[in-house]
Amino acid sequence: MAGDPSRGSLAAVNPAHDIRGGAIPLQGDEIVRKPAYNRGTNPGFALPARLKAPGLQARMTVSYVLVTAAAVVLVEALAIGFVLPNLLSALDLQNRVTATAKDYTAEIVTTSTSPDAIILPAGFVLGHSGSTGEPGKVQSLDSGVLIPQITGTLPDRAPMALTLVLAPDGRILSSSYPGRFPVGASAYSLIPNLDLGRAGVGGQTSTLGDGRVASAIEPIFLTALRAKGASPDTKTTFAKPQAQGYVYVQAPLQTTLGTTLATAGPLLQSGLLLLLLTLPVGALFGLLTTRGLVRRLRRLESTTLAFAEGDLSRRVVPSGSDEVGQLEDHFNQMAERLTAAIARERSLAEDNARLAERSRISRELHDSISQDLFSINLIQRGLEKATPADSPLQPQLGTMGETVSTALQEMRALLLELRPNGLGEKGLAASLEQLCANYESRAAIVVKRQIQPVDLAPAAEDAVYRVAQEALANAVKHAQAHHLELTLRQQDGSVDLMVVDDGRGFDPDHPEQPGLGLKLMRERMDELGGRLTITSIVGKGTQVVAAVPLTAEAKARS
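The sequence shown lines up with residues -17 to 540 when you count with the numbering used here.
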């Protein structure tokens, strides 16, 4: 507390410390700025990094260039390792499926027993009877794919390599996998997105069942081909002949991860060219994007350095809401808190100096003036006894004795007020008890007290103690009271202090001279949200009541 000389002893020994350990004088408004450290000779501090290594902007620019180069290389690697092989594999399989469809078209043309409609001989089967295909897998055969002949039904629903001969209406005339694609069934119900209008336009990829397939549809022209004696591959112009049927071939599309150097070469060349073009772009982008950031950081650096050297008024204007802007805002908050802490330390040092001066004055008054007044009192008593009772000096000696007694009483009250007597570890109730006992023993007055334990914060306890101290001092010094009553109790959500004296009283509305003590008591109560009530009647005494509201925590505990 402010009244305890032991509190704030650090500030008393060394009134203030800046953040580097150097002293900042607390007396007066001038703050001496001194170098924070010697960058050239102090081994604890290194030279600024920008004198020994590239700056932040250069390093970030290099990082942009490296990231750009790495991105280009990565994209090229992904294209070569994944996209291109898959694309080449799909195109190759489409070409093979188309070639296989054309081969089966030629076989159907030569096998059909009717020139006008597709009529296949008994025992005709599609596919290679000696091979057993696996779902989801495909085997190459010359320039086409191997179509296995499957007599049963496989449990796996993955796409199979198969061939179907379809009528113009989509009926299945022949099947390499009759177990799942039976003859007579409609292909439209078994093959989603089947479009016979795409016949003869080459292969395509689509989703079928649990996977993807490459498929091709070739038309069958029996009459036109036989009339001309041409093969299915002969490019003969007809006036839009009507197809007698279609050959549908599909093969499961597999993903391949390998590719040849011949295929990867052009991509590598284009990637190298792209890399050479993007490196300058990355460097320019890095320089442009980091210029503002570096400028903001340097401004923050200069402000921080000035603040560390003693200019506590320096602040940074936040330049955004990003991380750097938050850093600037946090620096300003830190600076405000540090400035407030230094101000509190200065105030504490001033309070300690004031308390030390009051203690010194109290000792001087006690050791000199109080002793002189006591000596005068002894001399007055001796003169009063030595002088005859009928002497005309007796009235003057009596007045002299009363004056000296009053002066001694006021001096003792003044000493009690001047000498710091903080709460310390005793608490409010014990400190008030000690204060009343001191007035009884030193000021020769009767103090009746009723003091109950209360639940107040330390700052509130100190304020209540100071109000009680001021009220007792006023009663002794100014009201010339002989009996005092002090009551402290906690009730109805507040702590009430009441001091009553039997002194001469005064008119609260028209005081003879407004004192500083009453003003300070009111200010202490206003700071705590409390109230101070003074009731006084001339010739009948004064009553001072101070009420401090309890905090929510204290109310919950009570």
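Positions of the beta carbon are idealized from the N, C-alpha and C atoms, including for glycine.
Treat the numbers as computed from the prediction; the structure is a model and nothing was measured.
_Completely contained beta strand (DSSP E) runs for the segment 115 to 181, where each covers 3 or more residues_ = Within the segment 115 to 181, the complete beta strand (DSSP E) segments at least 3 residues long are 144 to 148, 154 to 157, listed from N- to C-terminus.
_Please list the terminal residues of the continuous alpha helix (DSSP H) segment that includes G324._
Numbered from 1 along the sequence shown, position 342 holds the residue referred to as residue 324. The sequence as given places Ile at residue 324; Gly does not occur at that position. For I324, the enclosing alpha helix (DSSP H) begins and ends at 305 to 346.
*Going by CA-CA distance only, name the one from A529, F488, V482, D483 that's closest to E505.*
In the sequence shown, counting from the first residue as 1, residue 505 sits at position 523. Answer by Cα proximity: A529.
*Could you give the C-beta distance for T87 and V195, rounded to a whole number, given that I count them as a contact under 8 Å?*
For the purposes of this step, residue 87 is taken as the residue at position 105 of the sequence shown. For the purposes of this step, residue 195 is taken as the residue at position 213 of the sequence shown. That belief does not hold up - the Cβ atoms of T87 and V195 are roughly 19 Å apart, past 8 Å.
*Note down the Cα distance separating E318 from L287, rounded to an integer number of angstroms.*
Within the sequence shown, numbered from 1, the residue matching residue 318 stands at position 336. Within the sequence shown, numbered from 1, the residue matching residue 287 stands at position 305. Using only the alpha carbons, I get a separation of about 16 Å.
*What residues in its chain sit with their C-beta under 7 Å from that of S301, if we drop five residues either side in the sequence?*
As a working mapping, residue 301 is identified with position 319 in the sequence shown. Setting aside the 5 residues that flank it on each side, S301 is surrounded in the same chain by R278, G307, E310, each with a C-beta closer than 7 Å to its C-beta; the list follows chain order.
*Report the rounded CA-to-CA distance for A167 versus L259, giving the unit in angstroms.*
The count along the sequence shown starts at 1 and reaches residue 167 at position 185. The count along the sequence shown starts at 1 and reaches residue 259 at position 277. Those two C-alpha atoms are separated by around 59 Å.
_Under DSSP, the alpha helix (DSSP H) around K537 begins and ends at which residues?_
Mapped onto the sequence shown, residue 537 falls at position 555. From DSSP, the alpha helix (DSSP H) with K537 extends over 534 to 539.
_Short of 8 Å in beta carbon distance, which residues of its chain neighbour I351, apart from the five on each side in sequence? Order them along the chain._
Indexing the sequence shown from 1 puts residue 351 at position 369. Same-chain partners within the cutoff: M393.
*For D508, does the three-state DSSP call read helix, strand or coil?*
As a working mapping, residue 508 is identified with position 526 in the sequence shown. DSSP, read as helix, strand or coil, puts D508 in helix.
*Could you give the distance in angstroms between the alpha-carbon of R513 and the alpha-carbon of M507?*
As a first step, residue 513 must be located in the sequence shown, where it is residue number 531. As a first step, residue 507 must be located in the sequence shown, where it is residue number 525. Cα to Cα, R513 sits roughly 6 Å from M507.
_Determine whether the beta carbon atoms of V231 and T82 lie at a separation below 8 Å._
One-based indexing of the sequence shown puts residue 231 at position 249. One-based indexing of the sequence shown puts residue 82 at position 100. Their beta carbons are under 8 Å apart, which means V231 touches T82 by this criterion.
*Identify whether V298 lies in helix, strand or coil by the three-state DSSP scheme.*
Here residue 298 refers to the residue found at position 316 when the sequence shown is read from its first residue. Coil at V298, not helix or strand.
*Does the Cβ of A450 have 16 or more other Cβ atoms within 10 Å, making it buried, or fewer, making it exposed?*
Position 468 of the sequence shown, counted from the first residue, corresponds to residue 450. Buried, since its Cβ has 16 or more Cβ neighbours within 10 Å.
*Which value, in whole angstroms, describes the spacing of the CA atoms of S357 and N420?*
Indexing the sequence shown from 1 puts residue 357 at position 375. Indexing the sequence shown from 1 puts residue 420 at position 438. If you take the alpha carbons of S357 and N420, they lie about 22 Å apart.
*Spell out a yes or no on whether the segment 150 to 169 and the segment 100 to 115 are touching, meaning 3 or more CB-CB pairs, one atom from each, closer than 8 Å.*
Yes: the two stretches touch, three or more of their Cβ pairs being nearer than 8 Å.
*In the DSSP assignment, what are the bridge partners of H110?*
By one-based count along the sequence shown, residue 110 stands at place 128. Bridge partners of H110: P130.
*Quick one: what does DSSP say G227 is sitting in, helix, strand or coil?*
Counted from its first residue, the sequence shown places residue 227 at position 245. Here G227 sits in strand by DSSP.
*Terminal residues of the continuous alpha helix (DSSP H) containing P440?*
Within the sequence shown, numbered from 1, the residue matching residue 440 stands at position 458. From DSSP, the alpha helix (DSSP H) with P440 extends over 440 to 459.
_Using a 10 Å radius around the Cβ and a threshold of 16 neighbouring Cβ atoms, would you call K537 buried or exposed?_
For the purposes of this step, residue 537 is taken as the residue at position 555 of the sequence shown. Under the 10 Å beta carbon count, K537 is surrounded by fewer than 16 other beta carbons and is classified as exposed.
*Per DSSP, M480 is paired with what?*
By one-based count along the sequence shown, residue 480 stands at place 498. Partner(s): T469, V527.
*According to DSSP, is G485 helix, strand or coil?*
Locating residue 485 in the sequence shown gives position 503, counting from the first residue. G485 sits in coil when the DSSP states are folded into three classes, being neither helix nor strand.
*Rounded to whole angstroms, what's the CA-CA distance from S329 to A441? Just pull it up for me.*
Taking the first residue of the sequence shown as 1, we reach residue 329 at position 347. Taking the first residue of the sequence shown as 1, we reach residue 441 at position 459. So the alpha carbons of these two residues sit roughly 16 Å apart.
*Are the beta-carbon atoms belonging to G115 and P130 less than 8 Å from one another?*
Residue mapping note: residue 115 aligns to position 133 of the sequence shown, counting from 1. Residue mapping note: residue 130 aligns to position 148 of the sequence shown, counting from 1. In contact: G115 and P130 (Cβ atoms closer than 8 Å).
_Residues near V428 by beta carbon distance below 8 Å, same chain, minus five either side_ = Looking up residue 428 in the sequence shown gives position 446. A distance below 8 Å between beta-carbons, with the five flanking residues on each side excluded, links V428 to the following residues of its chain, in chain order: E422, H464, H465, L466.
*Helix, strand or coil for E366, going by three-state DSSP, please let me know.*
As a first step, residue 366 is located in the sequence shown; it is residue number 384 there, counting from the start. Helix.
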